[in-house]
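All remarks here apply to the structure that follows.
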Amino acid sequence: MSFTVWFTGLPCSGKTTLSRRLYNYLKHWDYQVHLMDGDAIRAQLPRPLSFSKEDRDSHGRRLGSLAQSINDRGIICIVAAITPYAETREHNRRTLAKYIEVFCSCPVAVAESRDSRGLYAKARSGKISNFTGVSDPYEEPEAPEVVVFTEQEDIDTSLAKILDYLEKHGLIQETPKPRQHPETQPGEISPVN
């Protein structure tokens, strides 16, 4: 069964980290899975997109279309993209056959403290306009399937919440959870490196 897990949240809220962990976990258990990072896809486009609302909406819908084409081939798709506007996420929820939204909840101050590229500082100084969480809004999801609190939870706990949801809804078979796998040391995530 194919489906899309869509990670949304502020820049530096943990979307990429968690989506990679989920991808590696599912690959380990022999699921066919594809990972799309919104920033990486944006960088590959022939026509650069701005960060206007129109271009962000267009990019979010494009990612949704790509995810559906991947799902149509029987492959699980994991998307990590800010997708700041509720309207875009709702469009993808309506158009994707099976859409699971994971909200990476994180206060702006914490996300900013994780920013190794200095993007928040550039946005605050006016060097970057339309920056989500600073000069452009992030509309928090009203009813995501899973909420992970990346300020409070470790990666293992957040991943286990996502896996629990997927198992309870019959999307994946039950597998050992992070920290339950016999080869895992405390603090590691199982069964990936």
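Sequential numbering of the sequence shown, starting at 1, is according to UniProt numbering.
The beta carbon of each residue, even a glycine, is placed where N, CA and C say it ideally should be.
Fully enclosed beta strand (DSSP E) runs of no fewer than 3 residues occupy 99-105 of the segment 82-138, in order along the chain. Taking 7 Å as the cut-off, the Cβ atoms of Ser19 and Ile78 count as close. With a contact defined as Cβ atoms closer than 8 Å, Gly38 and Cys106 miss out at about 17 Å. A direct Cα-to-Cα measurement between Asn92 and Glu101 gives close to 10 Å. Residue pairing by DSSP places Trp6 opposite Val79 and Glu101 in a beta bridge.
Put simply, the segment 23-34 does not touch the segment 108-118. Fewer than three CB pairs are less than 8 Å apart.
By the criterion of a C-beta distance shorter than 7 Å, Arg124 is surrounded in its chain by Val134, once the five residues flanking it on both sides are discounted.
Note: Met36 is bridge-paired with Val79 in the DSSP secondary-structure output. Cβ contact annotation for Thr83 (same chain, cutoff 6 Å, sequence separation greater than five): Thr8, Gly60 and Arg89, in chain order.
In the DSSP assignment, Leu26 falls within the unbroken alpha helix (DSSP H) covering Lys15 to His28. Around the beta carbon of Ala143, a 10 Å sphere encloses fewer than 16 other beta carbons of the protein chains shown; the residue is thus reported as exposed.
Annotation for Lys98: Phe3 place their beta carbon closer than 6 Å to its own, counting only its chain and skipping 5 residues before and after. Straight through space, the alpha carbons of Gly74 and Leu96 are spaced by roughly 13 Å.
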